[in-house]
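Right, one structure below, let's go through it.
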Amino acid sequence: MPDFVFNHSSTQPPFGNIQDVIPILATMLKAMATLEAHFPERPNFRLRDNPWQIEIANAANVSQSLGEAVELLFRSNYVDEGSYFVDLALMTPSWDQLDEAVIETITNLDELLEHPEIPDTHLLAAEAGEEALVCAVTGSVLTSLCRNPAHSVSQIGFICNGKTYKFDHTSNSLASSSISERFTRDAFAQLSARNFPQRKGEIFPNLLFGLETDDQILNFPSNFIKLLFTRLKDLDSLSQHWQTHNTMPENCMTFQNESEFTMNKYGYQRNRKGYDGEPRIFELHVWVGSGTRIHLFKHDELKKIEIGYMGLHLDTKLF
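Numbered per this note's numbering, the sequence shown spans residues 3 to 321.
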């Protein structure tokens with residue numbers, strides 16, 4: 003599981019005024035909290051030293067630490083960010099508790115060369131040093147105080163000993179947003195009927211799913227499964243827009259109703275267990291592929307779309 007690893011080099015040179023640290027530190031912590039939603043468990047926050055030993059500001063030869071900056075968060079209307087740091091710090095493992103295999107791999111790494119897909123980011127990796135190497139080997143996320151444009155990148159890469167390395171990096175909300183989109187794209191590409199029950203909440207966070215959908219997906223025609231996932235992705239976007247703007251977007255996909263005849267004779271086929279276990283009539287539907295449909299329910303109070311049925315065309319007057 004990925005951890006957060008603090009880029010010690012982003013504290014150097016020390017700030018001339020510790021007050022300048024506060025908004026930048028708060029921004030980094032908020033970016034980390036945003037990403038954490040994608041992790042299966044709460045990550046560790048690895049720091050090279052005790053926060054009280056990491057110099058972050060120096061004014062008139064008076065040194066001030068990262069720990070002192072965190073204390074100031076609570077006095078500067080950044081209570082949530084300060085609490086988040088404290089919670090993570092309670093689980094911070096000692097830097098020397100790195101796995102021996104990780105240490106051995108890092109020790110054998112030589113000169114860092116430019117990665118052609120993400121040019122120039124190897125310079126940030128070289129600057130971060132050991133922390134960057136830990137992220138490259140373990141797949142952890144490097145976190146930096148945003149001191150310059152280089153600290154705004156969302157991904158770092160390099161080539162070393164003939165092998166390519168890439169890992170995520172955040173310092174602000176834009177970087178975390180880019181990483182989140184990457185997580186979602188990667189997860190969507192790996193989505194299958196078998197892992198759908200475990201991954202659906204992560205990949206389609208704005209949809210609700212009835213209790214029967216996990217079984218339905220296993221019987222969905224395999225030649226249309228990718229198209230089904232694309233339809234669900236579109237519905238997730240509609241549901242997100244609904245929640246954000248209190249209305250459905252214009253010119254979106256059309257939800258079809260059933261005829262009165264169909265509902266009178268075959269309405270029971272649309273009666274499915276909802277996400278909360280309550281039976282619900284999923285009359286509205288959209289086409290997936292030839293002979294397949296998604297049946298859904300619009301929750302006006304929640305402003306969310308619920309999926310109740312995915313599968314072969316249910317009985318109608320004409321089908």
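The beta-carbon is built from N, C-alpha and C at its ideal position, and this holds for glycine as well.
Candidates the options: closest to residue i by CA position
i, options, result
"H315", "G291, L209, V136, L75", "G291"
"I120", "L126, G159, F257", "G159"
"V104", "H124, A138, K319", "A138"
"D278", "H301, M265, N174", "H301"
"L111", "Y167, R196, S194, E262", "Y167"
"S175", "L37, I20, T318", "L37"
"E20", "N221, V72, H124, N266", "A small correction: the amino acid at residue 20 is Ile; Glu does not occupy that position in the sequence shown. Ranking N221, V72, H124, N266 by Cα distance to I20 puts V72 first."
"Q14", "N52, R44, E57", "E57"
"G293", "M312, S154, E280, E106", "M312"
"F231", "L240, S194, L220", "S194"
"L220", "S241, N197, W244", "N197"
"V23", "D5, G276, T109, L68", "L68"
"V155", "F263, S180, Q55, A35", "S180"
"M265", "T172, C254, I283", "I283"
"S78", "L27, H297, Q157, D101", "L27"
"A91", "S224, D101, T107, W54", "W54"
"L213", "Q242, F226, N273", "N273"
"K275", "V288, N253, F257, F299", "F299"
"I108", "L74, A134, R295", "A134"
"T256", "P223, V288, E116", "V288"
"E204", "E183, P223, F222, S224", "E183"
"F222", "T246, R295, A62", "R295"
According to DSSP, residues forming a beta bridge with residue i
i, result
"F41", "BP columns for F41 are empty, so no partner."
"L314", "T294"
"I58", "None, per the DSSP bridge assignment."
"I283", "N273"
"Q308", "One detail in the question is off: residue 308 reads as Glu in this sequence, not Gln. For E308, which the question treats as bridged, DSSP gives the partners L210, F299."
"V288", "I296"
"R48", "V7"
"F76", "Looking at the DSSP assignment, F76 forms no beta bridge with any residue, so it has no partner."
"S65", "N60"
"F17", "A59"
Contacts around residue i, its chain only, beta-carbon distance under 6 Å, and the 5 residues preceding and following it disregarded
i, result
"D238", "F206, N208, L209"
"L229", "V290, G291"
"F76", "G84"
"P199", "D216"
"W244", "M250, K305"
"H40", "F185"
"V64", "none"
"Y268", "D317"
Cutoff 8 Å; reference residue i; Cβ partners in own chain excluding five residues on either side
i, result
"N259", "E285, L286"
"N60", "P16, F17, G18, Q66"
"T94", "N46, F47, R48, L49"
"W97", "R48, L49, R50, D51"
"Q218", "Y311, M312, G313"
"N248", "K305"
"G141", "P4, F169"
Beta-carbon proximity list for residue i, same chain, < 7 Å, skipping 5 on both sides
i, result
"A130", "N9, S11, L144"
"K202", "F211"
"L114", "H124, A127, A128, F160, C162"
"K319", "S261, F263, T264"
"T172", "A33, M34, L37, V143, T145, S156, S178, I181"
Residue i beta carbon near the ligand FMN (any heavy atom closer than 6 Å)
i, result
"Y277", "The ligand FMN is not among the ligands present in this structure, which contains no ligands whatsoever."
Residue-chain proximity (residue i, chain B), Cβ-Cβ < 7 Å
i, result
"Q192", "Note that chain B does not occur in the displayed structure, where there is just one protein chain."
Contiguous beta strand (DSSP E) assignments of at least 3 residues, all confined to the segment 109-190:
143-145, 157-162, 165-172
Which runs of the alpha helix (DSSP H) spanning at least 4 residues fall entirely within the segment 222-273, listed in chain order?
227-247, 262-268
With a threshold of 8 Å, are at least 3 pairs of Cβ atoms found where one atom belongs to the segment 72-89 and the other to the segment 27-46?
yes
Would you call the segment 226-240 and the segment 178-198 touching, i.e. three or more CB-CB distances under 8 Å?
yes
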